[in-house]
Structures are given as C-alpha cells and as structure tokens.
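Here is the structure we will look at, set down as structure tokens.
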Amino acid sequence: MIVRSLKRLTPRTASSGIFSIENASQERSMSTVPLHLSRANNGMVNVLVKSTKVPRPATIVPVKKSKKIETLTSRPVQREAMPSHISYVGNEKMPITSNLKIVTPKDDTPRGIWPVFRMMDENGQLRGEALPPSIHSNDLSSERDLDNLRNVLASHHPHFASEIHSSSLLHTSAHEYPDMPLHPHNTLLRAHRQMIRLRKMDTILHNAQRQGRISFYMTHHGEEGLLIGSASALSPKDFVFAQYREAGVLMWRSFTLDQFCNQCFSTDLDLGKGKQMPVHYGSRALNYQTVSSPLGTQLTQAVGAGYKLKLDCQKSPGKEQAVSIAYFGDGAASSVDFHSACNFAATLKVPMIFFCRNNGYAISTPVKDQYAGDGIISRAPGYGMAGIRVDGNDIFAVHAAVQAARAYAVENDAPVMIEAMTYRQGHHSTSDDSSRYRDAEEVQNATDVSDPIVRLDLFLRQFDWMDDSIAMSIEDEERVAVLRAMEAAESRPDPDIRHMFEDVYHEKPPHLIKQEEVLMQHLKKHNIKY
Amino acid sequence: MLLSKVPLHSRRIAANQIRSNARTSSTLLEPTAYSSSNPEPPYATLGSTTKLNLFSAVNSALKTALETDPTAILFGEDIAFGGVFRCSQGLRDEFGEGRVFNTPLSENGIAGMAVGYASAGGTAIGEIQFGDYIFPAMDQIVNEMAKFRFRSGNQWNCGGVTLRAPCGAVGHGGLYHSQSPEAYLAHTPGLVVVMPRGPRCAKGLLLSSIRSKDPVVFLEPKVTFTNVSIWLRLSYSHLRCFIFQILYRSAVEEVPDADYEIPLGKAEVMREGTDVTIVGWGAQLRTLETACDLAAKEGISCELIDLRTILPWDSKTILESVMKTGKLIVSHEAPITCGFGAEIVATMQQECFFCLEAPIQRVCGYDTPFGLVYEKYYLPDEKKNLDAIRKVMELSR
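Chains A and B are the protein sequences, given in the same order. Taking the UniProt record's numbering, the leading residue of the first sequence gets 1, the next gets one more, and so forth. Taking the UniProt record's numbering, the leading residue of the second sequence gets 1, the next gets one more, and so forth.
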C-alpha cells in the first residue's frame with residue numbers, strides 16, 4: 001500500500017521540450033536513421049500502451065543495404081576508413097589509435113590529448129580496409145560460425161589479430177546461453193541481442209514511469225555497447241561495484257527481465273525487498289554489489305573488495321585471481337571518493353579496474369564545467385596508475401580494453417583506469433528534462449554517429465548475420481519479453497511490511513522490535529491495510 | 001491530568017501507585033539485550049591477567065582478533081609503525097604487511113575500503129586516528145556502512161567492519177583532538193556505536209565489536225581514568241604524540257590474557273545504589289565515580305551505570321534502575337544539545353514518568369567548541385555532577 005501510493009504520488013515529469021509527441025513526427029521525418037534505432041523511439045515518445053492498435057515501437061524501416069551507409073552519413077560526418085581524430089561532445093578532439101596500449105606508470109604518458117582506442121568505425125567496419133565482397137560471401141552467414149568469422153577477421157585485419165583472437169565476444173561459448181534459443185553458444189549474437197534487450201527494457205520502463213506505473217527510471221541509451229562490451233570481458237567471479245547506469249552488466253550476468261521488473265515495481269520478489277528506488281539493483285549470486293545513490297562511494301569500496309581478492313589469492317596460490325571493477329561517470333570522478341580510491345588502489349597495489357563512462361554530462365553539467373584537464377584518464381599517471389582511453393561506442397574496442405586491463409591488473413597486482421568515451425542519449429533520469437540544457441541537434445548528431453547498437457548491427461550485416469527481418473524479430477521478441485515481465489511484476493503484491501524493520505541489523509534489536517509492534521498496533525487500531 | 005497543577009504531596013502518592021504498576025507493565029522490560037547470545041564474561045575463570053593500560057588492552061584485542069580470524073586486516077594512518085597511540089605495535093611484524101598496513105591519509109578512503117573489504121567477506125579493522133577526523137568518513141559510515149545490509153535486502157552486508165577512533169578530552173587537545181562524536185553516529189540506524197571506559201572493558205568490547213555481524217564504530221577514550229588537569233599547562237605542539245601516549249598509558253587495570261567478549265547492547269551497573277541513578281560512558285565514568293564518592297560522604301547512595309554501547313542502547317537496565325531510585329542524572333562530555341543524553345532522558349520520561357521524583361538532570365559539555373585553555377571549565381566535572389546529585393535529592397524531598 002505504502003509503496004503503491006508513493007508511486008501514484010510521484011509527479012510525472014513534464015515531458016515538455018524536444019521529445020514531446022508533437023515533435024516526434026517531425027523528428028522522424030528529419031532523421032533517416034532506421035526508425036527502430038532513432039531518437040524517436042528512445043523511450044521519449046512512443047507512450048507504450050498494451051493495445052496492439054498503437055504502432056509498434058519496434059518497426060524497422062526497410063532500407064536497402066547499399067543505402068545503409070548513407071543513412072548513417074546523412075549528417076556530414078567524415079567516413080574515412082581510418083579517420084585520425086574524433087570528437088566527443090564537450091571534449092577536445094581526440095586522436096584515434098588502432099593500437100591497444102595500456103599506458104603503464106613506467107611508460108611516457110601520451111603527449112597532449114590521450115588517444116582513443118577504437119576497432120570498429122561508425123559503419124560497423126573494423127578499421128582498415130573494408131572487407132572485400134569475396135569475404136562477405138564466404139559462407140559465413142549460414143552457419144553463424146564464430147570461429148570461422150574470427151579467423152576471417154583476423155586474417156583480414158592483421159593489426160587487430162591479437163585482439164580478435166583473444167576477444168571472448170568472438171569465441172563460441174563453452175556453456176549454453178539459456179536466453180539464446182537459436183544460437184545458444186554464439187557470444188557475439190548474444191551481445192547484440194542483450195544490447196537490444198537493454199534498449200527495449202529502458203524504453204518500456206521509461207514509458208511506464210511516464211505513465212505513473214513506477215516512480216523513477218534511468219535509461220542507458222547510447223551506453224549499451226560499453227556495458228555489454230565490458231561485462232563480457234570479465235570473469236563472473238569479478239566483483240562489480242556499479243554506479244546506477246550499468247544494468248547491462250547485470251543483464252550480461254543473466255539477471256532476468258523478471259528480476260529487473262520486480263525491482264523497479266518493488267514487488268515481493270524484489271531481491272532488495274522494496275527498500276530502494278527503481279534501478280538500484282544488486283545480486284549477491286552474480287557478484288554485483290547493490291547500487292546506492294551517493295556518487296563515488298562505490299570506488300573506495302571496490303578498492304577494499306579488490307584487496308580482499310588479492311589476499312585470498314595469495315593465501316591459496318592455485319586460485320584464479322578475480323578483480324573488482326568500479327563503474328562511475330565523469331561527474332563522480334570529481335568526488336572525494338574518486339581521489340581516495342585511486343590513491344589507495346595504486347598505493348596498496350590492488351588488482352582492480354576503474355571504468356569511467358565519460359558520457360558528456362553529469363545530470364545537466366557538461367564536462368567543460370566538470371574538469372579542465374584531458375578527461376579523466378589523464379589523471380591516471382598522477383596516481384601511478386595504468387590507463388587506457390577507449391571508444392565507448394565500439395563494443396569490440398571496449399571489450400578488448402577491459403580484457404587487456406584485467407590481464408594487466410592480475411599480472412601486476414595493480415589498478416587500471418579505463419575511460420570509455422560515449423554520449424548519454426537519454427535524459428539523466430525520469431526526473432530530468434535534458435532539453436533544458438542541451439540542443440536537440442546535439443543529441444541527434446551524437447546519436448546518429450555514436451549509437452553502439454547501430455554500429456554492431458551494421459557489423460553483423462556485412463556477413464548477412466543480420467538483416468531487417470532478423471532484427472525486427474529480435475526486437476519484437478525482446479519487446480514482448482519485457483512487456484510480459486513488466487505485466488507480471490505489476491500484478492505481484494508488495495513485499496511484506498515486516499521487511500521494513502528487518503536487515504537494519506543482523507539481529508533485530510529491542511528498540512526495533514518495540515517500534516515494529518507500535519506500528520502494527522497502529523495499523524490494527526485504525527484498520528489500515530498494508 | 002496536568003501534573004504541574006497537582007499538589008506535590010498528592011502527586012507523589014499517585015506516583016507511588018503508578019510506579020508499582022509501571023514496574024510490571026513497561027514494554028522496555030520485555031525484549032532481551034541486543035546480543036543476548038553473549039553472556040557477561042566470568043572474569044574469575046578467565047585465568048591469568050596482566051596489568052595493561054587502554055592502548056595495550058586494545059593491542060591485545062587486535063592481536064587476538066588477527067590470530068583467530070585469518071581474514072582480519074588492520075589498517076589506517078600510521079598503523080605500520082605501531083600507530084600514534086601505539087595500538088598496533090608489533091602487529092605488522094607478527095602478521096605481515098599484507099594484513100597490517102598504512103593507508104594514505106584519507107578517512108573516507110579508510111572507511112570505504114573497510115566497507116568493500118567486509119562486503120567481500122573479510123574482517124576489516126580500520127583506524128581513524130582521532131574521532132575528530134571521522135567526519136570526512138561520515139558519508140561512507142552513514143550512507144554506505146550503516147545501510148549496506150538493509151538496502152540490499154540482506155544479500156550483502158559489511159558486518160565485518162570495525163572502525164576504531166580515539167575520542168574525548170585529553171587535557172590539551174583543543175577543538176580538534178577532544179571531541180566525542182557518539183551522538184552524530186548514534187543517529188544512524190544500522191550502526192553499532194561502542195565506547196569502553198577502561199582497559200579490561202576495552203578488550204572484551206573490542207573483540208565483540210570485531211566479531212559482531214554489524215558494522216561498529218568503536219570510540220576509545222584518550223584519557224581513561226587519569227587526572228587530566230596536570231596536563232593543561234604542557235606545551236601541545238612539541239609533545240603531542242608523546243603526551244597522548246602517556247595519557248593512554250597512565251591508567252592500568254588487570255586485563256585477562258584470555259580471549260573474551262563483552263556483550264554489545266548491554267549496559268553495566270558499576271555500583272549499586274538506592275537514591276539516584278547516574279548514567280555515563282567512556283572516560284566520563286571516572287569523573288562520575290569521584291562524584292559518587294563525594295555524594296556517599298553526604299549519605300547519598302548512587303547507582304552508577306556504564307552504558308558501554310551507545311547504539312543500540314540498553315534502555316532496560318537504566319529503566320530498572322530509575323524505577324528503583326526515582327532519580328536520574330545523565331552525564332557526557334559532548335555538547336548538551338542533541339547529545340546522546342537527550343535520547344536517554346526522553347525515553348526515560350516516557351517510560352517511567354510517574355516513577356520520577358525529580359526532574360532528570362543532564363550534566364554535559366556546553367554548546368561551544370572545545371576551547372583549549374577553557375577545557376577544565378568546559379568539562380562536566382565531579383563538582384558539577386555533585387551539584388546535580390544534591391539538586392535531585394533536594395527536589396525529591
């Protein structure tokens with residue numbers, strides 16, 4: 001009762017500005033990005049109703065293959081095979097590198113702006129020469145054989161050979177993915193599907209908040225690539241200390257849509273027992289620490305957990321070394337905990353990864369109001385910490401960087417900082433209206449060139465692993481799955497009110513026993529039903 | 001019934017009647033202590049003892065904890081060489097630099113690291129060098145440590161955390177080496193706050209705190225059972241570290257060598273008495289003992305209670321005592337306004353209003369910062385307490 005009424009009382013954020021319904025159609029006509037991936041469908045517009053009469057949000061505008069490149073280049077963006085520089089909103093123009101190099105404390109730090117490691121460009125092509133048509137028709141498509149694909153890619157892109165060969169995205173999984181009925185061992189296709197699943201979940205739950213069905217939500221639009229890319233590079237034993245925009249990591253670790261929805265709807269099945277706002281997920285089984293709202297606090301905690309993992313490994317030398325990874329944004333990097341954590345981790349030699357999602361904004365604060373230096377990564381050498389900057393919209397580059405960082409951390413008992421450059425396509429949260437502080441054009445521009453799902457989609461299409469009908473069916477399936485999970489969660493009861501007084505302490509102390517009794521008597525006396 | 005309008009005489013008769021009823025009906029008397037599973041240690045059977053001061057007792061407890069728990073680590077500023085109060089002396093040599101180590105100078109870093117280490121299943125004993133410097137760690141303590149179990153629905157916890165911090169007046173500490181932050185901490189559900197009064201108590205309580213399944217802030221009074229006034233004239237700047245050690249060293253007790261625990265959430269009746277109940281914690285109990293001695297000379301029998309655990313606090317023991325004596329004085333060094341004494345007073349007047357024979361008195365620090373040369377005037381010393389004892393006796397006559 002309490003929880004439900006809270007939800008009702010939560011004011012719906014005014015959806016004024018660029019993402020209102022009126023503007024949606026204009027936006028659609030303006031943009032030639034495939035509709036299923038355009039802004040118009042990023043959860044801002046298509047108010048989701050269960051009726052089938054409403055146009056499905058997941059419709060793909062059939063575009064001919066040859067036009068696809070054009071679609072994405074509808075804005076004047078340079079499309080060389082090997083562009084030398086790239087701009088991320090608010091940041092200086094950055095040099096691009098194809099060289100995966102963790103800059104260690106012993107190395108000379110990069111002069112000027114740190115380069116961005118990138119493997120795949122906006123067209124879904126690996127950097128270098130495009131694959132010749134002969135390779136396209138290499139019968140890669142029929143089998144969806146990852147090992148074959150990997151070999152073809154590696155032979156054609158020798159400069160990425162080691163990244164390609166070691167990438168677990170391009171390796172057949174030893175175990176079956178239960179959420180991949182058609183290709184149960186195909187890691188790459190799972191990554192693709194999970195990114196779409198995350199986007200669908202975001203779109204639907206964001207709209208659910210707009211309809212007053214949940215109290216709050218935060219989307220991951222534009223950051224799916226770095227989430228799935230990094231999660232897939234970790235061991236399941238690695239401890240994840242997330243901020244709040246990292247549900248993709250949890251999703252990769254098989255947190256189900258039901259579990260996400262039960263948390264957002266605060267049901268009796270919520271692992272957090274309805275104690276926290278939506279999106280504050282956590283799972284002990286999946287080594288994912290429960291999210292808390294204060295920013296940066298997870299960073300020093302990740303140091304402590306990493307230190308524990310190091311000691312464990314020292315005690316039993318045969319044990320596989322796990323690491324801890326802390327996710328944070330460009331804003332949290334200004335917090336006191338960031339400084340303490342970096343200094344502690346480097347000084348105490350903790351095997352861990354600091355993963356910064358530099359998405360250009362901390363709520364409304366652009367990075368130019370957040371720091372004067374070269375992003376976050378330029379701070380790493382000052383702490384005596386290794387680091388690398390990576391294109392956060394390139395799932396292969398992020399994956400490779402995290403794999404390399406993890407290997408470095410384990411080998412050297414040392415922390416590594418990763419700065420993934422990306423763009424927050426959505427609002428900060430459902431309590432935010434980003435049109436008040438950034439132009440629609442900026443959003444559209446960045447979205448057109450940076451969307452990680454489009455990029456992987458285009459990559460797969462080269463080998464006919466993806467086409468409009470497959471993409472549409474995946475999106476439909478995921479949309480339906482999310483809707484089912486949401487409906488199921490919505491019909492579940494609230495957690496038992498007794499949980500309110502539980503878990504404050506390991507054992508309920510006398511004053512809480514008494515306070516609980518007082519509340520129960522009050523409810524009984526006034527016949528208040530919980 | 002508006003009591004102030006009722007003549008004193010009939011009020012007392014009513015009180016006596018209600019008191020006898022209240023003794024059997026108060027809900028506070030029902031629940032058991034917080035750590036009901038731990039009984040008070042049978043000191044007589046614990047075997048050999050050693051004369052230890054508070055820091056050596058803490059050192060002994062830390063050593064025991066590190067010996068008995070292979071996941072236990074000890075860290076903080078200046079820990080490696082033994083700590084500015086020498087509490088970690090010799091432990092690095094014995095347990096290795098992986099388990100006993102220095103951290104960079106950052107209290108929030110220490111607290112955050114402790115939380116993370118404990119969340120991964122370890123026992124983290126962090127030291128905040130002075131209670132006065134715990135405030136940068138308050139975000140970690142209040143928002144993270146205390147809420148860790150609750151917010152995850154008991155999936156995660158950081159019960160393995162114990163943060164130690166010396167606190168209280170020391171004779172020459174001024175604003176930033178004298179504070180007692182227990183009330184700030186006590187306003188935090190999920191936290192356990194403990195303050196021992198002396199060496200023997202410190203060892204048992206610290207071992208309980210380290211082994212507790214909840215995060216504990218363990219405040220160690222810098223001056224335990226010594227006369228502080230002689231230090232007032234000493235030069236602070238040159239002798240800081242040295243003097244602090246001397247003060248820590250100056251009070252000794254027979255401390256059992258064995259591994260023993262004192263239950264958390266349980267107050268101790270130090271002296272039984274019949275006329276007035278006096279509650280305090282930490283170093284203040286020394287002052288209160290003196291005040292009780294002075295009162296005894298005037299024929300007043302005081303019951304002295306050491307609260308020991310500030311949160312969750314043992315209201316039952318205090319209530320039983322107040323029902324017996326009908327008078328209550330609470331005394332602490334921290335400023336009076338919103339000090340933890342206020343909580344005790346509020347609860348007692350609600351639970352046993354009709355048993356009270358005089359207004360409850362608080363003898364506490366003033367609501368000023370801790371001025372260096374004004375310390376002896378600031379402190380709620382034995383004379384101020386004696387006056388309060390006389391006052392409640394007078395009012396109840």
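A virtual CB, placed ideally from N, CA and C, is assigned to each residue, including glycine. These numbers were taken from a predicted model, which means no experiment stands behind them.
| Check | Outcome |
| --- | --- |
| Considering only residues of the segment 364–402 of chain A, which uninterrupted beta strand (DSSP E) runs meet the minimum length of 3 residues and lie entirely inside it, listed in chain order? | 386–391 |
| Which residue from A:C356, A:K514, A:S230 puts its Cα closest to that of A:I418? | A:C356 |
| Between residue 398 of chain B and B:T309, what straight-line distance do the alpha-carbon atoms span, to the nearest angstrom? | In the structure as shown, chain B begins at 1 and stops at 397. Residue 398 of chain B is therefore absent and cannot be evaluated. |
| Would you kindly work out how many angstroms separate the C-alpha atoms of A:D413 and A:R111, rounded to a whole number? | 27 Å |
| Can you tell me where the alpha helix (DSSP H) holding A:G353 begins and where it ends? | The sequence shown places Ile at residue 353 of chain A, not Gly. Per DSSP, A:I353 belongs to no alpha helix (DSSP H); it is in the beta strand (DSSP E), 352–358. |
| Apart from the five residues just before and just after B:A44, which ones in its own chain have a Cβ nearer than 8 Å to its Cβ? | none |
| Given a limit of 9 Å on CB to CB distance, which residues of the segment 259–272 of chain A reach chain B? | D270, L271, G272 |
| Can you list the residues of chain A that B:D387 reaches, using a CB-CB cut of under 8 Å? | The contacting residues do not exist; B:D387 stays about 32 Å from chain A at best. |
| In the segment 301–316 of chain A, which residues sit with their C-beta less than 7 Å from some C-beta in chain B, listed in chain order? | Q301, A302, V303, G304, A305, Y307, K308, L309, L311, Q314 |
| Against A:D494, what residues of chain B qualify as contacts under a CB-to-CB distance less than 8 Å, listed in chain order? | By Cβ distance, chain B contributes nothing, its closest Cβ being about 13 Å from A:D494, past 8 Å. |
| I'd like to know if B:E77 contacts chain A, where contact means its C-beta is closer than 8 Å to some C-beta of that chain. | no |
| Quick check: what's the CA-CA separation for B:S315 versus A:F265? | 39 Å |
| Excluding the five sequence neighbours on either side, which residues of its own chain have a C-beta within less than 6 Å of the C-beta of B:Y117, listed in chain order? | A124 |
| For B:I318, count neighbouring Cβ atoms within 10 angstroms of its own Cβ and tell me buried if that reaches 16, exposed if not. | buried |
| Is there a Cβ of chain A sitting closer than 8 Å to that of B:Y117, yes or no? | yes |
| Quick check for students: name the residue ranges of the beta strand (DSSP E) that lie wholly in the segment 76–110 of chain B, counting only runs of 3 or more. | 100–102 |
| Would you tell me roughly how many angstroms separate the C-alpha atoms of A:M180 and A:R190, rounded to the nearest one? | 7 Å |
| Among A:I214, A:A446, A:H165, A:L512, which has the Cα closest to the Cα of A:A404? | A:H165 |
| In whole angstroms, what is the alpha-carbon distance linking A:Y217 and A:H206? | 6 Å |
| On a CA-only basis, which of B:P199, B:G204, B:V161 is nearest B:S190? Give me that one, please. | Note that residue 190 of chain B is Gly in the sequence shown here, rather than Ser. When only C-alpha atoms are compared, the closest one is B:V161. |
| In whole angstroms, give me the CA-to-CA distance for B:Y378 and B:V363. | 11 Å |
| List, in order along the chain, the chain A residues whose C-beta lies closer than 8 Å to that of B:D72? | In the sequence under discussion, the amino acid at residue 72 of chain B is Ala, which differs from the Asp named in the question. Simply none; closest approach about 11 Å. |
| Mind reading off the beta-carbon distance from A:L149 to A:L170? Whole number of angstroms is fine, and I expect it under 8 Å. | 7 Å |
| Mapping the DSSP letters down to three states, classify A:G272 as helix, strand or coil. | coil |
| Assuming B:F101 and B:F75 make a contact with CB atoms under 8 Å, what is their CB distance in whole Å? | 5 Å |
| Taking three-plus beta-carbon pairs below 8 Å as touching, is the segment 455–471 of chain A in contact with the segment 120–130 of chain A? | yes |
| What does DSSP give as the partner residues of B:K51 in its beta bridges? | B:E254 |
| Beta-carbon of B:M138 versus every beta-carbon of chain A: anything under 8 Å? | no |
| Tell me whether the beta-carbon of A:T297 lies closer than 8 Å to the beta-carbon of B:G112. | yes |
| Please report whether the beta-carbon of B:W156 lies at a distance below 8 Å from any beta-carbon of chain A. | yes |
| At a CB distance below 8 Å, what residues from the segment 316–342 of chain A approach chain B? Give them in sequence order. | S324, V336, D337, H339, S340, A341 |
| Using a Cβ-Cβ cut-off of 6 Å (strictly less than) and excluding sequence neighbours within five positions of A:C261, which residues of its own chain qualify? | A485, M486, A489 |
| When you compare the CB of A:S283 with every CB in chain B, is at least one pair closer than 8 Å? | yes |
| Quick one: does B:N108 have its CB under 8 Å from some CB of chain A? | yes |
| Counting only beta-carbon separations shorter than 8 Å, does A:V249 have a partner in chain B? | no |
| Can you confirm whether the segment 335–353 of chain A touches the segment 431–451 of chain A when touching is taken to mean that 3 or more C-beta pairs between the two stretches lie within less than 8 Å? | no |
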